[in-house]
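**Q**
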Amino acid sequence: MPRKTAKTHIIVVGNEKGGSGKSTSAMHITVSLLDRDYRVAVIDLDTRQKSLARYIENRQTYADHHNLKLKIPEVHVPKPAQRDSIAAMQHQDEASFRSLLDEVKTRSDFILIDCPGSNSHLSGLAHAVADTLITPVNDSFVDIDLLAQVNADNYQVAQLSLYSEMVWEARKTRAMKDRGVIDWVVMRNRTSALDARNKRRVHEVLTGLQKRVGFRYIPGFGERVIYRELFPRGLTLVDFGTNSGEKMTLSHVAARQEIRHLMDELHLPGWTGPSGIAAE
Ligand SMILES: Nc1ncnc2c1ncn2[C@@H]1O[C@H](COP(=O)(O)OP(=O)(O)O)[C@@H](O)[C@H]1O
Ligand SMILES: [Mg+2]
16 MPRKTAKTHI IVVGNEKGGS GKSTSAMHIT VSLLDRDYRV AVIDLDTRQK SLARYIENRQ
76 TYADHHNLKL KIPEVHVPKP AQRDSIAAMQ HQDEASFRSL LDEVKTRSDF ILIDCPGSNS
136 HLSGLAHAVA DTLITPVNDS FVDIDLLAQV NADNYQVAQL SLYSEMVWEA RKTRAMKDRG
196 VIDWVVMRNR TSALDARNKR RVHEVLTGLQ KRVGFRYIPG FGERVIYREL FPRGLTLVDF
256 GTNSGEKMTL SHVAARQEIR HLMDELHLPG WTGPSGIAAE
C-alpha cells in the first residue's frame, strides 16, 4: 500500500499517572487512523499491564469469533532486557527499542506508543522521539499537579513538575537530534457533566498553564460508562454503526463526536477534518 504520510509520524501517549485514560485514548486514536486506511503500528511500553496490547488481542478474538472484518494494527510489546546491571539493561533496552522503531517505520504511516503510568527509561526515550505527545488528564487538581505545582491563591505556576521537566528534556533531545518539534497536547478525560464549577476552574487553570508549561490544551472525552465496557470486545466507538454489529444509542453518538473532535484537534499530518481541509 502506498504511503499516506510524507514520513512516519510518531504519537506518544504518556503521563506518569495510572488510570488517566492513556490506553483508552491510544486505542481510540489507533482505530480512528485505521478507519481512514492509515497503516498503524502500536508499541505498548506498559510491559507489565500491557492494557493496549490486550485491548487489541481482544479485538482480534472478537473479530474471529463473530466473523467481523475489524481492522487490526500490528502490535509490539518490547521484552525488558535481562542483564547484570541497570546500566547494561537500559543500554540493551534502548538498542532494541531503536531498532524496533527503525524497522516498523518502514511500513507505517503512524506509530502509536502507549507509556506506563510511571517514569521509566523506555518511556523517557519514547517521549524524545514523539512528533505528537498526548497527555490525558482527569478533571482534578491532583492531575494538574502532574504538569505544574499551582499556587493555591491565584492559580499561577509555582514550579514545573518532574514530568513537565522530563518533557522539556525530551524536547531538547529531539531538537538537537533532528531539529524536530514535539507538539505536546494535553487532553482532558472523564470530564463530568455534573460538576460545572470544578470543570470551569480546571479549564481556566489549564488555559493559564498552556504557555508557561508549553502544551496546547484540548477537550477530550467525557465520563461515560461505554468507555469501560468496550475493552473485553476490543471495540471502540469508532467501530459502532459500521461493521461491528453494535447498535448506536444517543450517548454513543455523542461519544463518537468527542472522538472525531479529538482527532481533528490533534492536527495530524494528512488528517482532514469535517471541513475537508487538511491540517498541514
Ligand atoms: N472517558 C472515560 N469515561 C469512563 N471511563 C474511562 C474513560 N477513560 C478511561 N476510562 C476507564 O478508566 C480506567 C483507566 O483507563 P486507562 O485507559 O487504562 O488509563 P491508563 O492507561 O492511563 O492507566 C479504565 O477502566 C478505563 O476503562
Ligand atoms: Mg495504560
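Under my numbering, think of the first position of the sequence shown as 16, with each following residue one higher.
For every residue, glycine included, the Cβ atom is placed at its ideal position computed from N, Cα and C.
In this text, all values refer to a predicted model and were calculated from it rather than measured experimentally.
Any contact of the stretch 23-38 with the stretch 140-153, i.e. 3+ C-beta pairs under 8 Å?
**A** Verdict: yes, contact present.
**Q** Could you tell me if Gly36 is buried or exposed, where buried requires 16 or more neighbouring beta carbons within 10 angstroms of its beta carbon?
**A** Numbered from its first residue, the sequence shown carries residue 36 at position 21. The residue in question, Gly36, is buried, as its Cβ has 16 or more Cβ neighbours within 10 Å.
**Q** Is Lys37 near ligand 2 - that is, is its Cβ less than 7 Å away from at least one heavy atom of it?
**A** Here the question's residue 37 lines up with position 22 in the sequence shown. It does: the Cβ of Lys37 is within 7 Å (strictly closer) of some heavy atom of ligand 2.
**Q** Please go through the stretch 121-161 and give each complete beta strand (DSSP E) segment of 3 or more residues, from N-terminal end onward.
**A** Whole beta strand (DSSP E) segments, 3+ residues: 125-129 and 147-153.
**Q** If we ignore side chains and look at the alpha-carbon of each, how far apart do Tyr212 and Arg239 end up?
**A** Within the sequence shown, numbered from 1, the residue matching residue 212 stands at position 197. Within the sequence shown, numbered from 1, the residue matching residue 239 stands at position 224. First, the amino acid is wrong: residue 212 is Arg here, not Tyr. Roughly 19 Å separates the two Cα atoms.
**Q** Look at the Cβ atom of Arg205, then the Cβ atom of Phe236, and state whether they are nearer than 8 Å.
**A** For the purposes of this step, residue 205 is taken as the residue at position 190 of the sequence shown. For the purposes of this step, residue 236 is taken as the residue at position 221 of the sequence shown. It is a contact, given that the beta carbons lie within the stated cut-off.
**Q** Roughly how far, in whole angstroms, is the beta-carbon of Val201 from the beta-carbon of Tyr232, given that I think they are within contact range, below 8 Å?
**A** Residue numbering aside, residue 201 sits at position 186 when the sequence shown is read from its first letter. Residue numbering aside, residue 232 sits at position 217 when the sequence shown is read from its first letter. Yes, Val201 and Tyr232 are in contact; Cβ-Cβ is about 5 Å, under 8 Å.
**Q** Within the same chain, show all residues whose beta-carbon is closer than 8 Å to that of Arg74, passing over the 5 residues directly before and after it, in chain order.
**A** The residue labelled residue 74 in the question sits at position 59 within the sequence shown. Taken in chain order, the residues that qualify are Leu85, Ile87, Arg248, Gly249 and Leu250.
**Q** Leaving out five residues before and five after His4 in sequence, what residues of the same chain have Cβ atoms less than 7 Å from its Cβ?
**A** Coverage of the chain is limited to positions 16 through 295, which leaves residue 4 absent and any answer about it impossible.
**Q** Quick check on Glu261: does DSSP put it in helix, strand or coil?
**A** Mapped onto the sequence shown, residue 261 falls at position 246. It is coil, neither helix nor strand.
**Q** DSSP three-state call for Ile233: helix, strand or coil?
**A** Position 218 of the sequence shown, counted from the first residue, corresponds to residue 233. The answer is strand: DSSP assigns Ile233 an E or B state.
**Q** Do you know how far the Cα of Arg51 is from the Cα of His276?
**A** Here the question's residue 276 lines up with position 261 in the sequence shown. Here the question's residue 51 lines up with position 36 in the sequence shown. Going from the Cα of His276 to the Cα of Arg51 covers about 15 Å.
**Q** Just checking Ser66 against ligand 2 - is the residue's beta carbon closer than 7 Å to any of the ligand's heavy atoms?
**A** Here residue 66 corresponds to residue number 51 of the sequence shown, with the count starting at 1. It does: the Cβ of Ser66 is within 7 Å (strictly closer) of some heavy atom of ligand 2.
**Q** For my contact list, Val57 and Leu67 are in at a C-beta cut-off of 8 Å; report their separation, rounded to the angstrom.
**A** Residue mapping note: residue 57 aligns to position 42 of the sequence shown, counting from 1. Residue mapping note: residue 67 aligns to position 52 of the sequence shown, counting from 1. Contact flag correct, Cβ pair sits at about 6 Å.
**Q** For Tyr178, which option in Asp158, Tyr170 and Met191 has the closest C-alpha, if you only look at C-alpha atoms?
**A** Counted from its first residue, the sequence shown places residue 178 at position 163. The candidate whose alpha carbon is nearest that of Tyr178 is Asp158.
**Q** Along the alpha helix (DSSP H) that carries Thr188, what are the first and last residues, could you check?
**A** Numbered from its first residue, the sequence shown carries residue 188 at position 173. Leu177 to Asp193 is the extent of the alpha helix (DSSP H) around Thr188.
**Q** Return the CA-CA distance between Ala163 and Arg98, expressed in angstroms with no decimal places.
**A** Counted from its first residue, the sequence shown places residue 163 at position 148. Counted from its first residue, the sequence shown places residue 98 at position 83. Going from the Cα of Ala163 to the Cα of Arg98 covers about 36 Å.
**Q** Given 7 Å as the limit, tell me if Gly139 has its C-beta closer than that to any heavy atom belonging to ligand 1.
**A** Mapped onto the sequence shown, residue 139 falls at position 124. Because no heavy atom of ligand 1 lies under 7 Å away, the Cβ of Gly139 does not count as near it: no.
**Q** Report yes if the C-beta of Ala246 is less than 7 Å from at least one heavy atom of ligand 1; otherwise report no.
**A** Here residue 246 corresponds to residue number 231 of the sequence shown, with the count starting at 1. Reading off the sequence shown, one finds Phe at residue 246, where the question assumed Ala. True, at least one ligand heavy atom lies under 7 Å from that Cβ.
**Q** Okay, do the stretch 164-173 and the stretch 215-228 touch, 3+ Cβ pairs below 8 Å being the bar?
**A** They touch, by the three-pair rule.
**Q** Give the straight-line distance between the Cα atoms of Trp286 and Asp279, rounded to the nearest whole angstrom.
**A** Here residue 286 is taken as the residue at index 271 of the sequence shown, counted from 1. Here residue 279 is taken as the residue at index 264 of the sequence shown, counted from 1. Rounded to whole angstroms, Trp286 to Asp279 spans 7 Å at the Cα level.
**Q** Hey, would you say Leu116 sits closer than 8 Å to Ile126, going by beta carbons?
**A** As a position in the sequence shown, residue 116 is number 101, starting the count at 1. As a position in the sequence shown, residue 126 is number 111, starting the count at 1. Yes, the pair counts as a contact, with Cβ atoms nearer than the cut-off.
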